[in-house]
Amino acid sequence: MSDALAFVIIALVALIHIYIVLLEMVWWDSPRGQKAFGMTPEFSRQTKVLAANQGLYNGFLAAGLIWSLVHPDPATRWQIALFFLACVAVAGIFGAMTTKSRRILLVQAVPAVLGILALAVF
5 MSDALAFVII
15 ALVALIHIYI
25 VLLEMVWWDS
35 PRGQKAFGMT
45 PEFSRQTKVL
55 AANQGLYNGF
65 LAAGLIWSLV
75 HPDPATRWQI
85 ALFFLACVAV
95 AGIFGAMTTK
105 SRRILLVQAV
115 PAVLGILALA
125 VF
């Protein structure tokens, strides 16, 4: 694997988390958010504040991944990327286990693990 592949995977994971931020902070109480998370309108209204909090944390993950893409020092960039990809992988695994959803595993954890593997080759 190359640096370019690792960059693309990290950017993809960051974009996934930006989308999750939008789902949880902006679209949670909309048909789009309800469909994405399989919620009723009543449940989404009741949990909107909790979802916004989750969205903020996902925003921090995206920000950290973007930081890893733009940091000028390659060694520091690698460490930042590894840390935030590991955080995403753990969050994806925990989310999949606690919600019993394979989808979270596939959308969050698998891309993060692929990013870690891409980094490990260098």
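FYI, in this note's numbering the residues of the sequence shown are 5 to 126.
Ideal Cβ placement from N, Cα and C applies to all residues, glycine included.
Asked, Found
"DSSP three-state call for G42: helix, strand or coil?", "coil"
"Are P115 and V25 closer than 8 Å when you measure CB to CB?", "no"
"E28 and G55 - do their beta-carbons sit closer together than 8 Å?", "The sequence shown places Ala at residue 55, not Gly. Yes, Cβ-Cβ distance for A55 and E28 is below 8 Å."
"If you draw a straight line from the C-alpha of G42 to the C-alpha of G59, how long is it?", "17 Å"
"So, for L118: in the same chain, excluding its five sequence neighbours on each side, which residues have a beta-carbon less than 8 Å away from its beta-carbon?", "I13"
"Would you decide whether Q50 is buried or exposed? Buried here means 16 or more other CB atoms lie within 10 Å of its CB.", "exposed"
"Under the rule that 16 or more other beta-carbon atoms within 10 Å means buried, what is A122, buried or exposed?", "buried"
"For the alpha helix (DSSP H) that contains W82, what are its first and last residues?", "78-103"
"Report buried or exposed for R36, applying the criterion of at least 16 other Cβ atoms within 10 angstroms of its Cβ.", "exposed"
"Going by DSSP, what residue range makes up the alpha helix (DSSP H) through W31?", "Careful: W31 lies outside any alpha helix (DSSP H) and carries neither H nor E."
"Measure the alpha-carbon distance for M5 versus A40 and round it to whole angstroms.", "Only weak support exists for where M5 lies, its pLDDT of 44 falling under 50; the value from the coordinates is given anyway. Going from the Cα of M5 to the Cα of A40 covers about 33 Å."
"Compare the Cα-Cα distances from W32 to each of V125, K52, V92 and report the closest residue.", "K52"
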